[in-house]
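Presented below is the structure to which this report refers.
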Amino acid sequence: MASSATHQVKIPFSGHKLDNKTPFLGGRISFASRKKCYSDKAVRQRCRPMKVVNEKVVGIDLGTTNSAVAVMEGGKPTIVTNAEGQRTTPSVVAYTKNGDRLVGQIAKRQSVVNPENTFFSVKRFIGRKMAEVDEESKQVSYRVMKDENGNVKLECPAIGKQFAPEEISAQVLRKLVDDASKFLNDKVAKAVITVPAYFNDSQRTATKDAGRIAGLDVLRIINEPTAASLAYGFEKKSNETILVFDLGGGTFDVSGM
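For what it's worth, this note's numbering labels the leading residue of the sequence shown as 25, then goes sequentially.
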């Protein structure tokens with residue numbers, strides 16, 4: 025899981041002209057200057073610190089089988105509990121015959137009775153050409169096809185539409201972000217997303233596109249073993265070589281760092 029962070033933006037108070045006599049947050053002010061600040065209303069306005077606006081940045085593990093989202097609370101990452109009360113969300117999207125869209129656990133539950141309109145393991149297809157995923161396409165219950173450029177398309181008979189893999193992944197991301205927003209009681213618009221170390225540039229770009237489709241500003245795409253290493257080595261100064269085991273629901277990866 026990628027660690028999340030708080031993105032801070034410092035914005036001066038509007039309506040106050042700053043000059044070389046204006047003390048800034050963190051700067052030293054003499055006793056005489058402080059006294060003047062509290063005795064002179066006009067100067068007191070200039071002496072006020074800069075306003076700090078906090079923007080939450082979440083960390084998202086967009087997995088093949090399950091996904092999760094974390095936020096920083098009190099300097100520590102906290103996994104967000106979703107609307108169903110779970111810490112992980114199935115990476116599944118489905119459409120019903122009535123045109124309703126289902127995401128997560130509710131989509132997974134109806135997959136047996138609606139297999140051709142239930143999309144899972146989409147991460148295997150994201151950012152890849154149809155020629156690369158011929159074997160993988162035979163392992164899913166929905167129809168995987170290609171467009172005129174050889175790009176992967178996923179057919180949804182229920183609504184008569186074809187989706188790009190990143191469009192389906194975007195719906196999973198959107199649910200994760202919505203759950204995080206409710207958890208924080210604040211809007212979330214920025215994220216860091218983890219991907220497997222073996223992902224190529226095309227797959228990384230497609231993952232970032234999925235975030236954009238979901239309405240996210242993806243600040244960084246980070247390797248999953250790198251995220252694990254950063255979490256393990258947080259505030260540690262010793263140099264070590266570590267082996268990272270990623271026991272995922274869809275793949276099992278080992279990386280040396």
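Where is the CB? At the ideal position from N, CA and C, for every residue including glycine.
Proximity of residue i and residue j at Cβ, strictly below 9 Å
i, j, result
"GLY274", "SER145", "yes"
"ASP277", "GLU248", "yes"
"VAL127", "VAL196", "yes"
"ASP242", "ALA221", "Here residue 242 turns out to be Val, not Asp, going by the sequence shown. Contact: no."
"ALA92", "ARG111", "yes"
"ALA194", "ILE237", "yes"
"ASP3", "ALA255", "Residue 3 cannot be examined here, being either before or after the span of the chain that is shown, 25 to 281."
"GLY174", "ALA188", "no"
"ILE217", "ILE246", "yes"
"GLU160", "PHE149", "yes"
"LYS162", "VAL176", "no"
"VAL104", "ASP203", "yes"
"GLU108", "ALA213", "no"
"THR231", "GLU190", "yes"
Beta-ladder partner(s) of residue i, from DSSP
i, result
"GLY174", "Answer is none; GLY174 lacks a bridge partner."
"LEU86", "Answer by DSSP bridge pairing: none, since LEU86 is not bridged."
"MET154", "DSSP, once it has assigned bridges, lists no residue as partnering MET154."
"GLN186", "GLU179"
"ASP225", "Note: ASP225 sits in no beta bridge, so no partner."
"ILE237", "BP columns for ILE237 are empty, so no partner."
"MET282", "In the structure as shown, the chain starts at 25 and stops at 281, and residue 282 therefore has no counterpart that could be examined."
"VAL164", "Answer is none; VAL164 lacks a bridge partner."
"ASN263", "Paired residue(s): none; ASN263 is not in a bridge."
"ILE245", "ILE217"
"GLY273", "Answer is none; GLY273 lacks a bridge partner."
"GLU97", "LYS100"
"ALA92", "ASP85"
"GLY257", "DSSP, once it has assigned bridges, lists no residue as partnering GLY257."
Cα-Cα separation between residue i and residue j, rounded to whole angstroms
i, j, result
"VAL22", "GLY184", "Residue 22 lies beyond the stretch modelled for the chain, which goes from 25 to 281, so this question has no answer here."
"ASN106", "ARG198", "12 Å"
"LEU240", "GLN134", "28 Å"
"THR265", "GLY280", "7 Å"
"VAL219", "ARG228", "7 Å"
"ASN263", "GLY257", "9 Å"
"ARG125", "LEU200", "15 Å"
"PHE223", "LEU208", "31 Å"
"ASN138", "THR120", "8 Å"
"LYS235", "GLY87", "A quick correction: the sequence has Gly, not Lys, at residue 235. So the alpha carbons of these two residues sit roughly 14 Å apart."
"LYS211", "GLY98", "19 Å"
"ARG244", "LYS100", "20 Å"
"VAL136", "ASP85", "26 Å"
"TYR166", "CYS180", "8 Å"
"VAL164", "GLY123", "21 Å"
"MET169", "GLY151", "14 Å"
"THR102", "LYS206", "14 Å"
"LEU178", "ALA94", "29 Å"
"GLN186", "VAL157", "17 Å"
"THR89", "MET96", "24 Å"
CB contact check: residue i to chain C, cutoff 9 Å
i, result
"ALA92", "Absent here is chain C; the protein component of the structure consists of one chain."
### Query
Which runs of the beta strand (DSSP E), 3 residues or longer, sit entirely within the segment 195 to 223?
Fully enclosed beta strand (DSSP E) runs of 3 or longer: 214 to 219.
### Contact the segment 108 to 117 vs the segment 136 to 144: 3+ CB pairs below 8 Å
A contact exists between the segment 108 to 117 and the segment 136 to 144.
#### Entry: Runs of alpha helix (DSSP H) lying entirely within the segment 101 to 152, each at least 4 residues, in chain order
List check, alpha helix (DSSP H) in window: 129 to 133.
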